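Enquirer: Following my numbering, the residues of the sequence shown are numbered contiguously, the last one being 369.
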Amino acid sequence: MAKATLRINQYDTIHFDTNVNPLGIPETVRTALANNISSVYNYPETYYGNLKNAISEYISAPAENIILGSGSVDLIRLLTALVMPKKALVIVPGSMGYENALHVINCKMDYYHLDENNDYELDIVDFLSKLDSSYDMLIIGNPNNPTSKKLERSSIEEIAKACEANKIFLVVDEMYIEFIDNDEDYTSIPLTEKYSNLAVLRSVTKFFAVPGLRVAYAVMNNPSFIKKVKNSRSESGISSLTAIAGSVMFRDMSYIEESKSMMHTERSLVYLAMSTCKTIKLIRPDANFMLMKILKDDITASDVYDHCKQRGVLIRKCDDITGLNNKYVRFCFMKPKQNDLMVNTILELM
């Protein structure tokens, strides 16, 4: 008689690879979805005015400057398809989504490699020297994924000026900016008042922990381009329930403040707990995730990934990210006990 397969249940799987807010779905959103199920009977654009007004209040930008989309990937692909750049400069390591969107439209890409010896901080002076009129588009993550490093608004403005002079369309992706400390001092949204070649992207997926709602938005002060966007797509791409939930979540200040406070604490504690280990190198994080390099010669990212997975801890291998290799992993910060498990699990192998 064949033996039954042994199933190990002592570990619950925890996703440290998705960078989603560990507080989970805001209760206000749960309530709004439950109380407004009948809204699916109506065409969704009925609810877009309230959604745009909620976003406008949240980011302190005019509602008419807001473009809605069903996720940040959707908006990035929309912008690249409308700009149709022939050549773009790509910062690496960075989000693979940028490369994928540019590849779809057969855009030639040059790579600007961040320096590991400088902890992947962007050298603004050197970077500006590389910008010229041969480029049509530039996409920057602030903070950057996977390095978790932020840029000062003054640095973004220098880049915006250079892009304007060289007729380069600049996209600043702020998917993770709400996780950094004092994010209102770093966001590039105020710069959209001065630069018509600038679009700033935001998503609710990570910070509000609602990837299934599929909503993101872009902010720009370019009426002709915004009109071009509206003429190129359906006006009802976001569901009515999503629009209602969005209107609520942007006004949920209790959830927003709790998320920021918890992330500040957990980011600091995890970094301190791991920084004494001599066989790893940590890139000091600004967002809700951290990049780690393995210094042991006989251990790879796959080894760490497999070891963690056996204990229900899922982290991100970075060997497929341009500019990194099989010595790098990335993980996000979760709740205190979960972070303790993750730290101890990784350090077991180090």
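Glycine is no exception: its CB is placed at the ideal position from the N, C-alpha and C atoms. Please read these numbers as outputs of a predicted model, since none were measured by experiment.
#1: Between residue 196 and residue 211, which are expected to be in contact by the criterion C-beta below 8 Å, what is the C-beta distance as a whole number of angstroms?
#2: So, under 8 Å CB-CB, residue 337 and residue 347 are touching, yes? Tell me the CB distance rounded to an integer number of Å.
#3: Tell me whether residue 362 sits in a helix, a strand or coil according to DSSP, three-state version.
#4: Return the Cβ separation of residue 187 and residue 157 in integer angstroms, given the expectation that the two are a contact with Cβ distance under 8 Å.
#5: DSSP puts residue 312 in a beta bridge; with which residues?
#6: Residues in the same chain with beta-carbon distance under 8 Å from residue 77, minus the five sequence neighbours each way, listed in chain order, please.
#7: Excluding sequence positions up to five away, which residues of its chain have a Cβ less than 6 Å from the Cβ of residue 222?
#8: Who pairs with residue 131 in a beta bridge, going by DSSP?
#9: Could you check what DSSP says for residue 97 in three-state terms: helix, strand or coil?
#10: On the DSSP bridge list, what partners appear for residue 141?
#11: In whole angstroms, give me the CA-to-CA distance for residue 238 and residue 86.
#12: If we call anything under 8 Å between Cβ atoms a contact, is residue 111 one with residue 141?
#13: When DSSP labels each residue in this structure, what does residue 229 get in the three-state scheme?
#14: Cβ of residue 152 within 8 Å of Cβ of residue 306?
#15: Per the DSSP calculation, residue 34 is bridged to which residue(s)?
#16: Using beta-carbon positions only, say whether residue 262 and residue 67 come within less than 8 Å of one another.
#17: In whole angstroms, give me the CA-to-CA distance for residue 219 and residue 209.
#18: For a cutoff of 8 Å on Cβ pairs, would you count residue 174 as touching chain B?
#19: With distances taken Cα to Cα, identify the nearest neighbour of residue 183 among 37, 227 and 155.
#20: Spatial neighbours of residue 327 within its chain, please: C-beta separation below 6 Å, excluding the five flanking residues on both sides.
#21: Between which two residues does the alpha helix (DSSP H) holding residue 48 run?
#22: Quick check: the Cα distance between residue 217 and residue 35, rounded to an integer number of angstroms?
#23: Ordered along the chain, which non-local residues of its own chain (more than five positions away) have a Cβ less than 8 Å from that of residue 150?
#24: In chain order, what residues of the same chain have a beta carbon less than 8 Å from the beta carbon of residue 296, not counting five sequence neighbours either side?
#25: Please return the same chain residues whose Cβ sits closer than 7 Å to the Cβ of residue 100, not counting the five positions on each side in sequence.
#26: Pull up the DSSP beta-bridge partners for residue 116, would you.
#27: Using the C-alpha atoms, what's the distance from residue 83 back to residue 62?
#28: Does DSSP classify residue 121 as helix, strand or coil?
#29: Alpha carbon to alpha carbon, what distance is there between residue 232 and residue 27?
#30: Tell me the DSSP secondary structure of residue 155 in three-state form.
#31: Which partner residues does residue 192 have in the DSSP bridge list?
Expert: Taking the coordinates as given:
#1: For this step, residue 196 is matched to residue 177 along the sequence shown. For this step, residue 211 is matched to residue 192 along the sequence shown. Residue 196 to residue 211, Cβ: 14 Å. No contact.
#2: For the purposes of this step, residue 337 is identified with residue 318 of the sequence shown, where counting begins at 1. For the purposes of this step, residue 347 is identified with residue 328 of the sequence shown, where counting begins at 1. That belief holds up - the Cβ atoms of residue 337 and residue 347 are roughly 4 Å apart, short of 8 Å.
#3: The residue you call residue 362 lines up with position 343 of the sequence shown. Helix, per DSSP.
#4: Numbered from its first residue, the sequence shown carries residue 187 at position 168. Numbered from its first residue, the sequence shown carries residue 157 at position 138. Here residue 187 really is in contact with residue 157; their C-beta atoms are around 5 Å apart, less than 8 Å.
#5: In the sequence shown, counting from the first residue as 1, residue 312 sits at position 293. In the DSSP output, where bridge partners are listed per residue, residue 312 has 300 and 347.
#6: What you label residue 77 is simply residue 58 of the sequence shown in a count that begins at 1. 269 and 270.
#7: Reading the sequence shown from its first residue, position 203 is the one you call residue 222. 91, 194 and 235, listed in sequence order.
#8: Residue mapping note: residue 131 aligns to position 112 of the sequence shown, counting from 1. Residue 131 pairs with 110.
#9: As a position in the sequence shown, residue 97 is number 78, starting the count at 1. Of the three classes helix, strand and coil, the one that applies to residue 97 here is helix, per DSSP.
#10: Along the sequence shown, read from residue 1 onward, the residue named residue 141 stands at position 122. Residue 141 is not bridged to any residue.
#11: The sequence position of residue 238 within the sequence shown is 219, counting from 1. The sequence position of residue 86 within the sequence shown is 67, counting from 1. Approximately 6 Å between the Cα atoms of the pair.
#12: In the sequence shown, residue 111 corresponds to position 92, counting from 1. In the sequence shown, residue 141 corresponds to position 122, counting from 1. Contact check for residue 111 against residue 141 fails: the beta carbons are separated by 8 Å or more.
#13: In the sequence shown, residue 229 corresponds to position 210, counting from 1. DSSP places residue 229 in coil when its eight states are reduced to three.
#14: Along the sequence shown, read from residue 1 onward, the residue named residue 152 stands at position 133. Along the sequence shown, read from residue 1 onward, the residue named residue 306 stands at position 287. No. Outside cutoff.
#15: Here the question's residue 34 lines up with position 15 in the sequence shown. Partner(s): 333.
#16: Within the sequence shown, residue 262 is the residue found at index 243, counting from 1. Within the sequence shown, residue 67 is the residue found at index 48, counting from 1. Yes, the Cβ-Cβ distance between residue 262 and residue 67 is below 8 Å.
#17: The residue you call residue 219 lines up with position 200 of the sequence shown. The residue you call residue 209 lines up with position 190 of the sequence shown. Approximately 10 Å between the Cα atoms of the pair.
#18: Judged by its chain identifiers, the structure shown contains no chain B, having just a single protein chain.
#19: Taking the first residue of the sequence shown as position 1, residue 183 is located at position 164. Nearest option by C-alpha distance: 155.
#20: Here the question's residue 327 lines up with position 308 in the sequence shown. 334 and 364, listed in sequence order.
#21: Locating residue 48 in the sequence shown gives position 29, counting from the first residue. Here the alpha helix (DSSP H) through residue 48 covers 46-54.
#22: Taking the first residue of the sequence shown as position 1, residue 217 is located at position 198. Taking the first residue of the sequence shown as position 1, residue 35 is located at position 16. Looking at the two C-alpha atoms, the distance is approximately 32 Å.
#23: On the sequence shown, residue 150 is found 131 positions in, with the first residue counted as 1. Excluding residues within five positions, the ones whose Cβ falls inside 8 Å are 108, 157, 178, 181, 182, 185 and 187.
#24: Within the sequence shown, numbered from 1, the residue matching residue 296 stands at position 277. Around residue 296: 366 and 369.
#25: Position 81 of the sequence shown holds residue 100. Answer for residue 100: 124, listed in chain order.
#26: As a first step, residue 116 must be located in the sequence shown, where it is residue number 97. Per DSSP, none; premise fails for residue 116.
#27: Along the sequence shown, one-based indexing puts residue 62 at 43. Along the sequence shown, one-based indexing puts residue 83 at 64. Approximately 20 Å between the Cα atoms of the pair.
#28: The residue you call residue 121 lines up with position 102 of the sequence shown. Secondary structure of residue 121 (DSSP, three-state): helix.
#29: Indexing the sequence shown from 1 puts residue 27 at position 8. Indexing the sequence shown from 1 puts residue 232 at position 213. Bear in mind that a pLDDT of 41 at residue 27, under 50, signals an unreliable position, so the number given afterwards is only what the model happens to contain. Going by the C-alpha atoms only, they are around 33 Å apart.
#30: As a position in the sequence shown, residue 155 is number 136, starting the count at 1. Note: residue 155 maps to coil in three-state DSSP.
#31: Walking along the sequence shown from the start, residue 192 turns up at place 173. Residue 192 pairs with 160 and 220.
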